[in-house]
Amino acid sequence: AFTTKFNRGRLSDLVGLLSGRNFETRSYEKEIEEASFKTLSEGVREFINETHFKRFLMIIRSAGYVDSSMIGSVNALNFAYVLYLKLKRDLGNNPNIESWVRRWFVMSLLTGRYSGSPESRFDKDIKAVHERPFADVLADIEAAELSDAFWDFGLPQALNTSSVNAPAIKVFWAAQANRGDKGFLSKDITVRDMLTHHGDIHHIFPKNFLKQRGLLRSKYNQVANYVYVQQEVNIKIGDTAPAAYMAKVFDQCQQGAAHYGAIISLDDLKANLAANCLPDDLAAYQPEQFETFLTERRRLMAQKIKQYYWGL
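All you need for the working numbering is the position in the sequence shown, starting with 1, plus 5.
Quick look at the structure:
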């Protein structure tokens, strides 16, 4: 409420304004105190307006964030709401507002924009948005932080992690939800469905399969080794190597009898692999090629996130 109405991000400024501080003369004035309380009251009413809040949540969900567990930065969410309220107040029904808010929110998550000193960053960002056309502010940030170097090198590196709480993997899953992608080897059940109902996460190269070959948790739990999958498919795959279970999947597409999932068409299978950023030749990958597989999948995941971001 304070940030969106006063165009400031530091709470110390709020204390000063409510005390009547004139920041230019460094004096305290009753008029400023009264005006500040009135403005803050208006901001609070705007901030807690149910209609505003529900419309904002629809924007966030439309970006693929269908479950609260996907949002690792409350600060990014808070500023996105501040931004929505300000743009809505300043620009009315501008048709670009929803897209701008989605992009700012996802950009903030991808770059960790509010992970350091959020109060200072809030202050700089709200002042920039207040003083310049928003499209220009966003374009400058994207040019600086989301260049080709980020998509080609920075993001794949961010996906080189075993933490399911890493922002990059959550953005990837949001991208899948946003696109309506089907789960791995699923014909009808979407990643959005599984995110909403907390479906299974499957290791493409099964965990025990890799553990038996001496790989450590930091390797077999790489997020690039994860896909969302229906529980029954996950159970059937078990500890089977991808070369073995994918060979059977290709066979079921030729014979028309489903065993792993419900896909019985080669075209549907290729589309499913592409949607889940898996190489077409997944069946050819052997255990000793696990690192090569991870590198390739990170590249494909980063490409998907890039396409998703620019389409928001």
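Think of the CB as a built atom: it goes at the ideal place given N, C-alpha and C, for glycine as much as any other residue.
Remember, predicted model here, so these are calculated numbers, not experimental data.
Taking a cut-off of 8 Å on C-beta distances, the region 169-180 does not touch the region 256-264, as fewer than three cross pairs fall below it. Judged by DSSP in its simplified three-state form, N239 adopts helix.
Distances from the alpha-carbon of D205 to those of Q236, I146 and F58 put Q236 closest.
With 16 or more other Cβ atoms from the protein chains shown falling within 10 Å of its own Cβ, L200 counts as buried.
At least 9 Å separates the beta-carbon of I268 from that of L215. Per the Cβ contact rule, the region 145-155 is in contact with the region 108-124 (3 or more Cβ pairs under 8 Å).
Using a Cβ distance threshold of 9 Å, H207 and N226 do not count as a contacting pair. Around the beta carbon of V79, a 10 Å sphere encloses fewer than 16 other beta carbons of the protein chains shown; the residue is thus reported as exposed. In chain order, L92 and W105 place their CB closer than 7 Å to the CB of F139, counting only its own chain and leaving out the 5 sequence neighbours on each side.
In the three-state scheme derived from DSSP, where H, G and I count as helix and E and B as strand, Y231 is classed as strand. Secondary structure at Y33: strand, using DSSP grouped into helix, strand and coil.
For R26, the secondary structure class from DSSP, reduced to helix, strand or coil, is strand. A residue is called buried when at least 16 other Cβ atoms come within 10 angstroms of its Cβ; M306 meets this threshold and is buried. Comparing C-alpha distances from P284 to each of A263, P247 and G77 shows the shortest one belongs to P247. For H202, there is no enclosing alpha helix (DSSP H), as DSSP marks it with neither H nor E. Residue Y231 holds the alpha-carbon nearest to the alpha-carbon of F295 among Y231, N27 and R107.
Going by DSSP, Y119 is part of no alpha helix (DSSP H) at all; its letter is neither H nor E. Ranking E103, I64, A81 and L143 by CA distance to the CA of S122 puts A81 first.
Selection G219, A252, D273 and Y233 evaluated against Y290 yields A252 as nearest (Cα-Cα). Per the coordinates, the alpha-carbon of G185 lies some 56 Å from the alpha-carbon of E34.
Annotation for P292: no alpha helix (DSSP H) segment contains it, and DSSP assigns it neither H nor E. Distance from the CA atom of L88 to the CA atom of V238, rounded to whole angstroms, is 42 Å. Three or more Cβ pairs drawn from the region 159-166 and the region 295-304 lie within less than 8 Å of each other, which places the two stretches in contact. Exclusion of the five residues before and after Y250 leaves I242 and Y265 as the residues of its chain whose Cβ lies within less than 7 Å of its Cβ.
Going by DSSP, Y89 is part of the alpha helix (DSSP H) stretching over V79 to L96. Residue state for H264 is assigned as coil, using DSSP reduced to three classes.
Contact check for N170 against G261 fails: the beta carbons are separated by 9 Å or more. Annotation for K129: no residue places its beta carbon closer than 7 Å to its own, counting only its chain and skipping 5 residues before and after. Shown here, T195 sits in a strand according to DSSP, grouped into three states.
Per DSSP, M63 is one residue of the alpha helix (DSSP H) stretching across E55 to S67.
Considering only G97, F84 and N99, the residue with the shortest C-alpha distance to W109 is F84.
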